[in-house]
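1 is the number of the first residue of the sequence shown in UniProt numbering; add one for each residue after it.
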Amino acid sequence: MSEMRVVGVRVELPQNQPILLLRETEGERYLPIWIGSVEATAIALEQQGVRPARPLTHDLLKDVIGALGRNLEQVRITDLQEGTFFAELVFDGDVRVSARPSDSVALALRVGVPIHAEEAVLAEAGLIIPDEQEDEVEKFREFLDSVSPEDFRGADT
């Protein structure tokens, strides 16, 4: 299992599909995960340090976990089946709850817990970006600095 860090979220054109990009903290592999626009907004808001006037769903979940006296210890991306990623929230007492990776990452960022990916998931979906493409990663980071949460809202919101 590898610890991952959140590189960020970007919108893939022309489909306007958000992608969460994770990278191994002690390795070279990146893990791209297609996510929904609501979760992309939640992740982007947290990364940008934006505090909404009222708690979003992931903020509420963080508060509920604390109010119940539990501790989220880590998030694990556990499986990939037919293009769908699976994750779990790992709480104190080894209590585990199945969750989508996008929700799990949004919550992990708010709580400040590590994100891990199973080796089998990284072996199947992990990407190594050659050195000549490192400037693309830097462009991605620049994009993240210029994006706003409104960019992730769908046409129906």
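Each residue gets a CB set at the ideal place from its N, CA and C atoms; glycine is no exception.
Closer than 8 Å by C-beta to residue 18: which residues in its own chain qualify, once you throw out the five before and the five after it? Chain order, please. 9, 10, 11, 12, 34, 35, 36, 37, 39, 40 and 152
Less than 6 Å between C-beta atoms, sequence neighbours within five positions excluded: which residues of the same chain meet that for residue 48? Once the five neighbours on either side are set aside, residue 48 has no close Cβ partner at all.
Grab the span of the alpha helix (DSSP H) containing residue 82 for me, first residue to last. It is not in any alpha helix (DSSP H) - residue 82 carries neither H nor E in the DSSP assignment.
Which class does residue 49 belong to by DSSP, given the choice of helix, strand or coil? coil
With C-beta atoms as the reference, is residue 110 less than 8 Å away from residue 62? yes
Which same chain residues end up closer than 6 Å to residue 98 when comparing Cβ atoms and leaving out the 5 residues on each side of it in sequence? 88
3-residue-minimum beta strand (DSSP E) runs that sit fully inside the UniProt domain "BFN" (1-129), ordered along the chain: 2-12, 17-24, 29-34, 72-81, 84-91, 95-99 and 115-117
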